[in-house]
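Read through the structure below, which is laid out as structure tokens, and then see the notes.
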Amino acid sequence: MMRSVGTLTRADLAETINRKLGFSRAESLALVEEILAKMCNAMATGENVKISGFGTFILRDKRERVGRNPKTGIEVPITPRRVMTFRASQKLKDRITKGA
Amino acid sequence: MIRSELLEALTADNPDLRPDEVEQVADIFFEEIGARLAEGGRVELRGFGTFSTRLRNARTGRNPRTGDPVDVPSKRVPYFKPGKEMRERLNTD
């Protein structure tokens, strides 16, 4: 049914940029890192990141709650924290549903 | 931050590149991730996070207006898990 495909990494993204646009491998990899760093920096300052046609990275603030060590069963407080979620755009969802 | 702001920031940091070149780079970046997910693969960007897809089983849904049962086929949905460094960065003041 669905063919098993490998994992895409930074190196693969850089490789495609190098092949399609002709930038050097080093420059292509640097650009990939920069895109990630820019998005990461925005989120570190509390901004959501919205990429039209792809999806939105949304920050959520979680309150403190009581958790449990699954091994010992001892209750431990889980500190309040900020987490990041990804909401895919309708376009990306449709694409994945259709498969390729 | 929205897509156009990301492009502006990248252009500002890469004066040797034209804005349309920066846009092509970003297009390839997001396009390749989407393509791999559509093929059923995963995308691992260490430190940032991992994109994958998960299978949702077929179920019987309801038309919210009429209450009629509707068969919802099984489908793949995108999933993202933030990386360790990303999680930590979000929680350092």
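From first to last, the protein sequence lines are chains A and B.
Position one of the first sequence corresponds to residue 1 (full-length UniProt numbering), numbered consecutively onward.
Position one of the second sequence corresponds to residue 1 (full-length UniProt numbering), numbered consecutively onward.
For each residue, glycine too, the CB sits at the ideal point set by N, CA and C.
Heavy atom of the ligand GTP within 8 Å of residue i beta-carbon
i, result
"T16 of chain A", "Looking for the ligand GTP in the displayed structure turns up nothing, as the structure carries no ligands at all."
Distance between residue j and residue i (C-alpha atoms, nearest Å)
i, j, result
"residue 186 of chain A", "K84 of chain B", "The first residue shown for chain A is 1 and the last is 100, placing residue 186 of chain A beyond what the model contains."
"A88 of chain A", "S52 of chain B", "11 Å"
"A37 of chain A", "T66 of chain B", "48 Å"
"D61 of chain A", "N41 of chain A", "17 Å"
"T92 of chain B", "A38 of chain B", "34 Å"
"K50 of chain A", "L6 of chain B", "9 Å"
"N63 of chain B", "I58 of chain A", "29 Å"
"F86 of chain A", "G46 of chain A", "15 Å"
Secondary structure of residue i, DSSP reduced to three states
i, result
"F86 of chain A", "strand"
"I58 of chain A", "strand"
"F80 of chain B", "strand"
"P19 of chain B", "helix"
"K74 of chain A", "It is worth fixing the name first, because residue 74 of chain A is Ile in this sequence and not Lys. In the structure shown, I74 of chain A sits in coil (DSSP, three-state: anything other than H, G, I, E or B)."
Residue interval of the alpha helix (DSSP H) (run including residue i)
i, result
"K38 of chain A", "R25 to A44"
"E8 of chain B", "R3 to D13"
Contacts around residue i, its chain only, beta-carbon distance under 7 Å, and the 5 residues preceding and following it disregarded
i, result
"K71 of chain A", "none"
"L92 of chain A", "F54 and G55"
"G47 of chain B", "G83, E85 and M86"
Cβ shell of residue i (< 8 Å), same chain only, five flanking positions each side left out
i, result
"R3 of chain B", "A26"
Endpoints, the beta strand (DSSP E) within which residue i is located
i, result
"L45 of chain B", "R42 to L45"
"S52 of chain B", "G49 to R56"
"T16 of chain A", "Premise fails: T16 of chain A lies in the alpha helix (DSSP H), R10 to L21, not in any beta strand (DSSP E)."
For the 8 Å Cβ check, are there 3 or more pairs between the region 33-48 of chain B and the region 8-20 of chain A? yes
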